[in-house]
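When we follow our numbering, the leftmost residue of the sequence shown carries the number 2, and every step to the right adds one. Shown next, in structure tokens, is the structure this report addresses.
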Amino acid sequence: MTHEIAVIPGDGIGQEVTPAAVKVLEAIETVDFEFVEGEAGDAVKDETGEALPQETREIAADADATLFGAAGETAADVILPLRDVVGSFANVRPARSYPGLDAVQPDTDIVFIRENTEGVYTGIESEITEGVRTLTRVITAEASRDIAEYGFDYAKQNGYEDVTIAHKANVMRQTDGLFLETAEAVAEDRGADYDTALMDALAMHLVMTPEEYDVIVCPNLAGDMLSDLSAGLVGGLGLLPSANIGEENALFEPVHGSAPDIAGKGVANPSAMILSAAMLLEHLGYDEEGDQVRTAVESVLESGPRTPDLGGDAGTTAVTDAVIDEL
Ligand code: NAI
Ligand code: MG
């Protein structure tokens, strides 16, 4: 069986790390892929006026899964609609420390399960009058239930003990009140243990004692920020993969953006993107192959070669080829 994968490199280092992940997938002999490339981001907007051309939407909608690199300034015009195209309701962001790497917190193994459709990312903003602008934060019981169910299932299936529900219901009483009560009801229905945490204090606890957390279920913006914070604990954005999961389709992308400060130099760390490809393999049912890719990346992270963000002097291609050698 051949799996059709939409490949959307986007801008900046997306153009460097996405081909690296494709090269790794091509090296897996037990799975057949057909890659269909689509354009998105700043460059295609400059050319055509549209950051996410209709053709690219169709490529993603028709594929079995999508690999997306990163967009630049047009990120919101690309990734938000793309997540919509694949019907994604859950954003899964694992933040793990790896042996041999100089991490701020070497005992970190946390998976953020971030609500991916609403919260403050609905784009419902307006200017009331000059100097006064508003944003509407939307929380629904349905999306809160979906993300909580996904989070508790994920914890169970992946052998994680602790689930923490992050919220700020003491201040956002209506919206996070609904998020919290819905997520707690899901836990109680399942007889699952859980903790709750105010998201601001949680940020501090994550920095000081990340080893106390396993799976964190959170509203959209909190999940975005807390996962980037956790990237800093384990060695930087070059290491964090993510999955956008829908009922029938899914998109895999590194947590990082287009990194204009290092783009074009061939030194971007491909690990986050290759680990995203490992999540894609698992999503398609190839658990063993996904595991092999992750183990190969871990082994290269430990023994080198490493890119400059991790203190090394190797380029993207040398690291990618080392991962393929390990495979
Ligand atoms: P960024 O993630 O692109 O970069 C932040 C820092 O991390 C930079 O110093 C960068 O060099 C470093 N970094 C990121 N990925 C790396 C990698 N693979 N290897 C080595 N170093 C890496 O975030 P920033 O600078 O805030 O945003 C840059 C652009 O990316 C902006 O235009 C923003 O809109 C866009 N962006 C796009 C996203 C997406 O497409 N999903 C997500 C976040 C930002
Ligand atoms: Mg982000």
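Here a beta-carbon is modelled for each residue, glycine too, at the ideal position from N, C-alpha and C. Note that the structure is predicted; figures quoted are calculated from it, not measured.
### Query
Out of curiosity, what's the CA-to-CA distance linking I166 and I217?
6 Å
Does the Cβ-Cβ distance between G73 and S259 come in under 7 Å?
yes
Looking at the C-beta of P10, does it have a partner C-beta in chain D at a distance below 7 Å? Here there is only one protein chain, and chain D is not present.
*What first and last residue would you give for the alpha helix (DSSP H) that runs through L335?*
Any question about residue 335 goes unanswered here, given that the chain covers just 2 to 328.
Would you mind listing the beta strand (DSSP E) stretches within the stretch 26-110 that are 3+ residues and don't spill past its ends, in chain order? 33-38, 66-71 and 89-97
According to DSSP, simplified to helix, strand and coil, what is V139? It is a strand residue.
Q) Assuming T183 contacts R138 under a Cβ cut-off of 8 Å, what Cβ separation, rounded to an integer in Å, is found between them? A) Actually they are not in contact, since the Cβ atoms of T183 and R138 sit about 15 Å apart, beyond 8 Å.
Nearer than 6 Å: is that true of the beta carbon of N245 relative to any heavy atom of the ligand NAI? no
Ordered along the chain, which non-local residues of its own chain (more than five positions away) have a Cβ less than 7 Å from that of I148? F90, A91, I114, E116 and V218
Practice task
With DSSP as the reference, label A167 as helix, strand or coil.
Solution key: strand
Can you find the residues in the same chain that come closer than 6 Å, C-beta to C-beta, to T197, ignoring five residues on each side of it along the sequence? Same-chain partners within the cutoff: I166.
| query | What is the DSSP secondary structure of A156, reduced to helix, strand or coil? | reply | If DSSP states are grouped into helix, strand and coil, A156 belongs with the helices.
Quick check: the Cα distance between V86 and N250, rounded to an integer number of angstroms? 9 Å
- Query: Would you say the beta carbon of H4 comes nearer than 6 Å to a heavy atom of the ligand NAI?
  - Reply: no
*Residues near A273 by beta carbon distance below 8 Å, same chain, minus five either side*: V18, L238, G239, L240, L241, P242, P255, V256 and H257
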